[in-house]
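S.K.:
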Amino acid sequence: MQEVIYHRNDSLGFLNENKPLADKLAALHQAVAARCPSIHRIAVALYDDKTDLLKTFIYSSEGESPLRHYQAPLEGSATLRQIVEQGRPRVVNDLAIFADSPHEHSRRILAQGFGASYTMPMYQSGNFCGFVFFNSCERGVLTEAVLHELDLFGHLLSLTVIHELQKMQNLADAIITARDITRHRDNETGSHLDRMSRYTRIIAVHLADKYGLDDSFIEHIFMFSPLHDIGKIAIPDSILLKEAKLSPEEFEVMKTHTRKGREVIETMLENFRLHDLEHGHMLRNIAELHHEALDGSGYPYGLKAEDIPIEARIVAVADIFDALTSRRPYKEAWSNAEALEALYCMSGHILDSDCVNALANNLDQVERIQAEFKEDAFG
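So, in structure tokens, the structure goes:
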């Protein structure tokens, strides 16, 4: 009778482990390199269909990646757009053909010394959601045998990324649905959430080098920031909808939305079995700590300065700026200049000055977001 073997090492078993996506990609890269040693970089970029932007997400590279904290419109790249239109990958065995390309990403890839590239589109439920890139420092190495291996690993990587993103999306959709059910109780519009989440990305990208924020962190704060006020679903109508100034007692009740938000998040993570959600701590911090102030005057805990997580400091600036520049039943929209002046007045003691400066120094991007995500006639 043949012996039954249970101790074989699963070469791809790391995909089942509770590790960050970037770590899984690094391990997958090792598996690819064992079969295709000429592949020196693997990267994933995500697509935002609301703004047509491709955004760097995770990568594994021998040496520094040529593209970090980078985004560009898909419309601006004819060759990448063609991949999406045809639904088929692109093989480039000599990247020198892009030597005169006007696109920054092409110039960076060439400057880093890469000679060949294989680009696969990613799809989620039939919808384009990004690219997987395989790069080699050598030219002419993407043979049919190599491409066959890369197809297998590329689809495996796509499924892994999409699975992780789907967990976040399912949670976000459930919470947003709960918020939408009670939308008549709040003046927080979808456009506000679209804008402020993109402001958080502007700030995070600007501060990435100083605070060591990678592209995965930046993408997660973009995805999680719209859930900052989810705790308001637990605030009584008489307080949430009151147009006059809240009494001290009413304000104390309003302040509980931060802890209530944390409770909602914890319940959702429990019910969706997402205890291992990557950056789950960030989601909790955003919901609970976005009203803390640098001088300790904020709530719910009176945290000070760097005791306040950077994600909460970023969301605070993005949220306040959009609230000031948006029309509300009780006020007209402020100009960007007026709103920035107010932020500067709070900078250093209420709001993080790095975050305020990051937003102010990228006003051109802010204005593009405002133009793209305008309020409707009902504000």
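When we follow our numbering, the leftmost residue of the sequence shown carries the number 655, and every step to the right adds one.
Every residue, glycine too, gets a C-beta built ideally from N, C-alpha and C.
Computed from a predicted structure; not experimentally measured.
Taking its Cβ as the centre, do 16 or more other Cβ atoms sit within 10 Å of N789, making it buried, or is it exposed?
M.R.: Here the question's residue 789 lines up with position 135 in the sequence shown. Flag for N789 reads buried.
S.K.: So, for I857: in the same chain, excluding its five sequence neighbours on each side, which residues have a beta-carbon less than 7 Å away from its beta-carbon?
M.R.: The residue you call residue 857 lines up with position 203 of the sequence shown. Within the same chain, I857 has close Cβ partners I968, V971, A972, C1009, A1012 and L1013.
S.K.: Beta-carbon within less than 8 Å of I1086's beta-carbon, same chain only, minus the 5 sequence neighbours each way: which residues are those?
M.R.: In the structure as shown, the chain starts at 655 and stops at 1033, and residue 1086 therefore has no counterpart that could be examined.
S.K.: If you draw a straight line from the alpha carbon of S731 to that of D863, how long is it in whole angstroms?
M.R.: Counting from one through the sequence shown, the residue named residue 731 turns up at place 77. Counting from one through the sequence shown, the residue named residue 863 turns up at place 209. Distance between the alpha carbons of S731 and D863: 27 Å.
S.K.: Cβ atoms of I872 and I855: under 8 Å apart, would you say?
M.R.: Start at 1 with the first residue of the sequence shown, and residue 855 comes out as number 201. Start at 1 with the first residue of the sequence shown, and residue 872 comes out as number 218. First, the amino acid is wrong: residue 855 is Arg here, not Ile. In this structure, I872 lies closer than 8 Å to R855 by Cβ.
S.K.: Do F787 and T773 have their beta-carbon atoms positioned less than 8 Å apart in this structure?
M.R.: Residue 773 sits at position 119 when you count from the first residue of the sequence shown. Residue 787 sits at position 133 when you count from the first residue of the sequence shown. In contact: T773 and F787 (Cβ atoms closer than 8 Å).
S.K.: Taking the alpha-carbon positions, what's the N670 to D703 distance?
M.R.: Start at 1 with the first residue of the sequence shown, and residue 670 comes out as number 16. Start at 1 with the first residue of the sequence shown, and residue 703 comes out as number 49. C-alpha separation (whole angstroms): 30 Å.
S.K.: Quick one: using the 10 Å Cβ neighbour count with 16 as the cut-off for buried, is R742 buried or exposed?
M.R.: Walking along the sequence shown from the start, residue 742 turns up at place 88. By the neighbour-count rule (16 or more Cβ atoms within 10 Å), R742 is not buried but exposed.
S.K.: Have a look at H860 and A991 and give me their C-alpha separation to the nearest angstrom.
M.R.: One-based indexing of the sequence shown puts residue 860 at position 206. One-based indexing of the sequence shown puts residue 991 at position 337. CA-to-CA, the gap between H860 and A991 works out to about 20 Å.
S.K.: With DSSP as the reference, identify every bridge partner of L707, one or two as the case may be.
M.R.: By 1-based counting over the sequence shown, the position of residue 707 is 53. In the DSSP output, where bridge partners are listed per residue, L707 has D702 and P727.
S.K.: Tell whether a beta-carbon distance below 8 Å holds between T921 and G885.
M.R.: In the sequence shown, residue 921 corresponds to position 267, counting from 1. In the sequence shown, residue 885 corresponds to position 231, counting from 1. No. Outside cutoff.
S.K.: Considering only DSSP beta bridges, list what L1005 is partnered with.
M.R.: As a position in the sequence shown, residue 1005 is number 351, starting the count at 1. Looking at the DSSP output, L1005 sits in a beta bridge with S1001.
S.K.: When you compare the CB positions of L943 and K958, do they come within less than 8 Å of one another, or not?
M.R.: On the sequence shown, position 289 is the one that residue 943 refers to. On the sequence shown, position 304 is the one that residue 958 refers to. For L943 and K958, no; Cβs fall outside 8 Å.
S.K.: Going along the chain, which residues of its own chain have a beta-carbon closer than 6 Å to the beta-carbon of G794, five neighbours each way excluded?
M.R.: Position 140 of the sequence shown, counted from the start, is the residue given in the question as residue 794. Counting only Cβ-Cβ distances below 6 Å, and skipping sequence neighbours, we find N747.
S.K.: In or out: G717 buried (at least 16 other Cβ within 10 Å) or exposed?
M.R.: By 1-based counting over the sequence shown, the position of residue 717 is 63. It is exposed - the Cβ of G717 has fewer than 16 other Cβ atoms within 10 Å.
S.K.: Starting from T912, trace the alpha helix (DSSP H) in both directions and tell me its first and last residue.
M.R.: Counting from 1 along the sequence shown, the entry for residue 912 is found at position 258. Residues H911 to N925.
S.K.: Roughly how many angstroms separate the alpha carbons of K899 and E906, rounded to a whole number?
M.R.: Taking the first residue of the sequence shown as 1, we reach residue 899 at position 245. Taking the first residue of the sequence shown as 1, we reach residue 906 at position 252. In a straight line, the C-alpha of K899 is about 13 Å away from that of E906.
S.K.: Distance check for M850 and S1001, CA to CA, integer angstroms please.
M.R.: The residue labelled residue 1001 in the question sits at position 347 within the sequence shown. The residue labelled residue 850 in the question sits at position 196 within the sequence shown. When rounded, the distance between both Cα atoms is 18 Å.
S.K.: Rounded to whole angstroms, what's the CA-CA distance from V698 to R938? Just pull it up for me.
M.R.: Here residue 698 corresponds to residue number 44 of the sequence shown, with the count starting at 1. Here residue 938 corresponds to residue number 284 of the sequence shown, with the count starting at 1. The alpha-carbon of V698 is positioned some 26 Å away from that of R938.
S.K.: Would you list the residues sitting across from K985 in a DSSP beta bridge?
M.R.: Your numbering for residue 985 matches position 331 in the sequence shown. Answer is R982, bridged to K985.
S.K.: Please classify D1006: is it buried, with 16 or more other beta-carbons within 10 angstroms of its beta-carbon, or exposed?
M.R.: If you number the sequence shown from 1, residue 1006 lands on position 352. Buried, by the Cβ-count rule.
S.K.: To which residues of the same chain is G1033 closer than 6 Å at the C-beta, ignoring the five residues directly before and after it?
M.R.: Sequence index remark: in the sequence shown, residue 1033 carries index 379 (1-based). Bear in mind that the predicted position of G1033 carries a pLDDT of just 46, short of 50, making it unreliable; the figure below should be weighed with that in mind. Once the five neighbours on either side are set aside, the close Cβ partners of G1033 are R981.
S.K.: Taking the C-alpha atoms as reference points, what is the distance between L760 and L700?
M.R.: By one-based count along the sequence shown, residue 760 stands at place 106. By one-based count along the sequence shown, residue 700 stands at place 46. Note on residue identity: the sequence assigns Ser, not Leu, to residue 760. Rounded to whole angstroms, S760 to L700 spans 17 Å at the Cα level.
S.K.: In the DSSP assignment, find the unbroken beta strand (DSSP E) run with R762 in it and report its ends.
M.R.: Here the question's residue 762 lines up with position 108 in the sequence shown. Premise fails: R762 lies in the alpha helix (DSSP H), E758 to A765, not in any beta strand (DSSP E).
S.K.: Given this structure, state the Cα-to-Cα distance separating G950 from T910, to the nearest angstrom.
M.R.: The residue you call residue 950 lines up with position 296 of the sequence shown. The residue you call residue 910 lines up with position 256 of the sequence shown. Rounded to whole angstroms, G950 to T910 spans 17 Å at the Cα level.
S.K.: Would you kindly check if the distance between the Cβ of L734 and the Cβ of L749 is under 8 Å?
M.R.: Walking along the sequence shown from the start, residue 749 turns up at place 95. Walking along the sequence shown from the start, residue 734 turns up at place 80. No, the Cβ-Cβ distance between L749 and L734 is not below 8 Å.
S.K.: Would you please state the rounded distance, in angstroms, between the beta carbons of L682 and I712? I believe it to be under 8 Å.
M.R.: In the sequence shown, counting from the first residue as 1, residue 682 sits at position 28. In the sequence shown, counting from the first residue as 1, residue 712 sits at position 58. About 11 Å; that fails the 8 Å criterion.
S.K.: Apart from the five residues on each side of it in sequence, which residues of its chain come closer than 8 Å, Cβ to Cβ, to A977?
M.R.: Counted from its first residue, the sequence shown places residue 977 at position 323. Apart from sequence neighbours up to five positions away, the residues of its chain that approach A977 with a beta-carbon distance below 8 Å are H846, ordered along the chain.
S.K.: Our contact map puts I1023 next to L997 with C-beta atoms below 8 Å; I'd like the distance itself, whole angstroms only.
M.R.: Stepping through the sequence shown from its first residue, residue 1023 is reached at position 369. Stepping through the sequence shown from its first residue, residue 997 is reached at position 343. With a Cβ gap of about 16 Å, I1023 and L997 do not count as contacting.
S.K.: Go ahead and pull the three-state DSSP assignment for P880.
M.R.: Working through the sequence shown from its first residue, we reach residue 880 at position 226. Three-state result, P880: helix.
S.K.: Consult DSSP for A770 and reduce its assignment to one of helix, strand or coil.
M.R.: As a position in the sequence shown, residue 770 is number 116, starting the count at 1. The answer is strand: DSSP assigns A770 an E or B state.
S.K.: Would you list the one or two residues that DSSP bridges to D863?
M.R.: Here residue 863 is taken as the residue at index 209 of the sequence shown, counted from 1. DSSP output for D863 lists no bridge partner at all.
S.K.: Exposed or buried, what is Y865 when buried is set at 16 or more other beta-carbons lying within 10 Å of its beta-carbon?
M.R.: Indexing the sequence shown from 1 puts residue 865 at position 211. Label assigned to Y865: exposed.
S.K.: So, with DSSP's three-state summary, where would you put K821?
M.R.: Against the sequence shown, residue 821 aligns to sequence position 167. Correct three-state label for K821: helix.
S.K.: Could you have a look at N990 and say whether DSSP puts it in helix, strand or coil?
M.R.: For the purposes of this step, residue 990 is taken as the residue at position 336 of the sequence shown. Three-state result, N990: helix.
S.K.: Pull up the distance between the alpha-carbon of G767 and that of A799, whole angstroms please.
M.R.: Taking the sequence shown and counting its residues from 1, the one referred to as residue 767 is at position 113. Taking the sequence shown and counting its residues from 1, the one referred to as residue 799 is at position 145. Distance between the alpha carbons of G767 and A799: 23 Å.
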